[in-house]
Amino acid sequence: MTNPAPLKLFNSLTRQMEEFQPVHAGEARVYSCGPTVYNYPHIGNMRAYVFADVLGRTLSFKGYKLTHVINITDVGHLTDDADAGEDKMEKMAAQNAQSIWDIAKHYTEAYWADVKALNIRQPAQWTIATDFVSQMIAFAQSIADKHCYELDSGLYFDVSTVADYGRLARAQTEEGEGRIETVEGKRNAADFAIWRKTPPGEKRQMEWDSPWGRGAPGWHLECSVMSGQVLGFPFDIHTGGIDHREIHHPNEIAQNQAFCCTNGLDRAANSGANIWMHNNFLVERSGKMSKSSGEFLRLQLLIDKGYHPLAYRMLCLQAHYRSELEFSWEGLGAALVRLKRLLMAVEQVKVRQAELGSASIVPSETAGWTLKQVQGDVGGKFQPFVARFDEAVSEDLNTAIALTVLEEVVGLKKVDLGEKLALIAALDAVLGFGLLDLNRTDLRLRPKAATITEDEIEATLAARKEARAAKDFATSDRLRDELAERGVEVMDGDPLGWDWRLGE
Ligand code: AMP
Ligand code: ZN
Numbered sequence: 011m012t013n014p015a016p017l018k019l020f021n022s023l024t025r026q027m028e029e030f031q032p033v034h035a036g037e038a039r040v041y042s043c044g045p046t047v048y049n050y051p052h053i054g055n056m057r058a059y060v061f062a063d064v065l066g067r068t069l070s071f072k073g074y075k076l077t078h079v080i081n082i083t084d085v086g087h088l089t090d091d092a093d094a095g096e097d098k099m100e101k102m103a104a105q106n107a108q109s110i111w112d113i114a115k116h117y118t119e120a121y122w123a124d125v126k127a128l129n130i131r132q133p134a135q136w137t138i139a140t141d142f143v144s145q146m147i148a149f150a151q152s153i154a155d156k157h158c159y160e161l162d163s164g165l166y167f168d169v170s171t172v173a174d175y176g177r178l179a180r181a182q183t184e185e186g187e188g189r190i191e192t193v194e195g196k197r198n199a200a201d202f203a204i205w206r207k208t209p210p211g212e213k214r215q216m217e218w219d220s221p222w223g224r225g226a227p228g229w230h231l232e233c234s235v236m237s238g239q240v241l242g243f244p245f246d247i248h249t250g251g252i253d254h255r256e257i258h259h260p261n262e263i264a265q266n267q268a269f270c271c272t273n274g275l276d277r278a279a280n281s282g283a284n285i286w287m288h289n290n291f292l293v294e295r296s297g298k299m300s301k302s303s304g305e306f307l308r309l310q311l312l313i314d315k316g317y318h319p320l321a322y323r324m325l326c327l328q329a330h331y332r333s334e335l336e337f338s339w340e341g342l343g344a345a346l347v348r349l350k351r352l353l354m355a356v357e358q359v360k361v362r363q364a365e366l367g368s369a370s371i372v373p374s375e376t377a378g379w380t381l382k383q384v385q386g387d388v389g390g391k392f393q394p395f396v397a398r399f400d401e402a403v404s405e406d407l408n409t410a411i412a413l414t415v416l417e418e419v420v421g422l423k424k425v426d427l428g429e430k431l432a433l434i435a436a437l438d439a440v441l442g443f444g445l446l447d448l449n450r451t452d453l454r455l456r457p458k459a460a461t462i463t464e465d466e467i468e469a470t471l472a473a474r475k476e477a478r479a480a481k482d483f484a485t486s487d488r489l490r491d492e493l494a495e496r497g498v499e500v501m502d503g504d505p506l507g508w509d510w511r512l513g514e
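Residue numbers are given in our numbering: position 164 of the sequence shown equals residue 174, and the series is strictly consecutive.
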């Protein structure tokens, strides 16, 4: 049995790979910036949570007791990440003449549905920003004297009061790129509001009393407070999309430094977290990802077109989380085929195991299976695969390689099938497809626009099969063409045995 590989993660703060050393022995505490619930998440947003999920699953696999927190931003995020624009939530509520609380509830539930559909595990806690407002005020009060100043529009954080401001973004070399001084009276262009006062004569749907007047907390303040409150400073890992590396996370770090009275960022722990990790973007060239573009790319659109949501998970895992990933329907189709192939191979293993009656050692709760356990449970033939899988995920979550190792394991011949299934379950618990609980027909979704019923397709296919058996190829071809006209592709040569597919 080989020793477990050291878990190495890329820390955006140092721009280096670092070995994971937990703050609390045996534990991993992770905070992920959650969505702003003013609209449906697009699939790019969901890439951030697939990544955080794989990170969490890997930490569990490596034997750490995971505490994962994801927040729900239901107040405070402006239309511009720097300090300009309107509150995204208030704007949406005004546009739709709806209560902001109803909007928050609706889109939080929609986000949770996507989380579930993508097999993203539930975190230990969802922190809802509006539940933490009194703690936010207390946090702001504790740093106000030394680090903040008040303007008519709110309480501002003076970034010159902390050492190494902007190191995460490497902003000092870019001279504050992307920052515009939009608020009169700010001392430094990068200063940001931690409390926004409601302008006189206005009433916001979400506002609270504070020592600086009625108003609402700033978005950056929320994450500092929720992460510190629940996980304690310093915690292990903070995640988010790469856009957060530029403004949101540098601002969180500045607040954390102020709150914890820590010095410069040569020591990562002074930032509030030891490791800052960022997923790169999912991009779509024609701009359909933008939430303002009408029909944008949300998970439901993929489902409506007949793509199982786990095909999107596959698409994400085929790429490294730090690489930009370009979305295309062809790419998604290929990911779906790969998933089907994997699932069918696993189904065959299950069938053969049942036929042979070999003992099953798959535990009912596979999510809790650690590397150590699986090393103990499977024989020597499997060990090189276990080691390679471990090395892959331990190398900054190289899921692309890990996937190929899983596929190799599924294809192994002349091995104990009970052990093989156990290993598949353990590796799958890291990648998160739930292969042992899926059936191949689960992956065949009806596109919403399809008019033909499954019964009609099956009946025509049965007639065609008879025609072929009778060597009546003219009838067989005619039936195939009829189906094609109605958007059903017959896949005769399909090695998957997938007999038909509804076209778009
Ligand atoms: P938001 O709801 O805008 O706060 O975003 C939720 C999460 O999605 C954040 O971690 C963002 O950094 C991330 N994100 C936004 N757009 C993309 C994208 N196109 N690809 C990957 N992650 C994204
Ligand atoms: Zn955040």
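Just so you know, even glycine gets a beta-carbon here, dropped at the ideal spot from N, CA and C.
- Between Pro209 and the set Gly225, Val240, Ala62 and Ser338, the nearest pair of CA atoms involves Gly225.
- Shortest gap from the CB of Cys43 to any heavy atom of ligand 1: under 7 angstroms.
- CA-CA distance, Ser296 to Gly274, rounds to 42 angstroms.
- Excluding sequence positions up to five before and after Leu325, its CB lies within less than 8 angstroms of the CB of Leu335, Phe337, Gly341, Leu342 and Ala345, all in the same chain and listed in chain order.
- Under DSSP, Tyr159 forms a beta bridge with Tyr166.
- Here Gln108 is exposed: its Cβ has fewer than 16 other Cβ atoms, across all protein chains shown, within 10 Å.
- When the alpha-carbon of Thr83 is set against those of Leu69, Ala114, Arg57 and Phe61, the nearest one is in Ala114.
- Cβ-Cβ distances below 6 angstroms link Ser234 to Glu262, Gln265 and Asn266 in the same chain, with the five nearest sequence neighbours on each side left out; the list follows chain order.
- Looking from the CA of Leu88, the closest CA among Leu349, Gly242, Trp229 and Gln393 belongs to Trp229.
- Under the three-state reduction of DSSP, Ser109 is assigned to coil, being neither helix nor strand.
- Scanning its chain for C-beta atoms nearer than 8 angstroms, with the 5 sequence neighbours on each side dropped, one finds around Glu429 the residues Ile371, Asp387, Val388, Gly389 and Phe392, in chain order.
- For His78, the CB stays at least 7 angstroms from every heavy atom of ligand 2.
- Taking 8 angstroms as the cut-off, the Cβ atoms of Ile247 and Asn289 do not count as close.
- Non-local C-beta neighbours of Leu422 in its own chain, meaning closer than 7 angstroms and more than five positions away in sequence, comprise Lys430, ordered along the chain.
- Of the residues Met287, Glu294 and Gln239, the one whose Cα lies closest to the Cα of Gly54 is Glu294.
- For Met27, the uninterrupted beta strand (DSSP E) run begins and ends at Gln26 to Glu29, by DSSP.
- Cβ-Cβ separation between Gly238 and Trp205: approximately 17 angstroms, too far for a contact (criterion under 8 angstroms).
- Judged by DSSP in its simplified three-state form, Glu336 adopts strand.
- Leu128 is a Cβ neighbour of Val60, given a cutoff of 8 angstroms.
- At least one heavy atom of ligand 1 falls within 7 angstroms of the beta-carbon of His254.
- Taking the Cβ atoms as the reference, Leu381 lies roughly 36 angstroms from Phe142, outside the contact range of under 8 angstroms.
- Residue range Phe202 to Lys207 is occupied by the beta strand (DSSP E) that includes Trp205.
- Set against 7 angstroms, the gap from the CB of Met324 to the closest heavy atom of ligand 1 is not smaller.
- Cα atoms of Pro133 and Val79: separation of roughly 6 angstroms, rounded to the nearest angstrom.
- For Tyr175, DSSP assigns no beta-bridge partner whatsoever.
- For Ser42, the uninterrupted beta strand (DSSP E) run begins and ends at Glu37 to Ser42, by DSSP.
- As the crow flies, the alpha-carbon of Val33 is around 43 angstroms from that of Ser368.
- The beta carbon of Arg197 lies closer than 8 angstroms to those of Tyr159, Tyr166, Asp168 and Ser170 in the same chain, with the five residues before and after it left out.
- Cβ-Cβ separation between Leu413 and Gln328: approximately 7 angstroms, consistent with a contact (criterion under 8 angstroms).
- A buried status is given to Cys43, since no fewer than 16 other beta-carbon atoms sit within 10 Å of its beta-carbon.
- Shown here, Pro260 sits in a helix according to DSSP, grouped into three states.
- Under the DSSP assignment, Val498 falls in the beta strand (DSSP E) whose first and last residues are Val498 to Val500.
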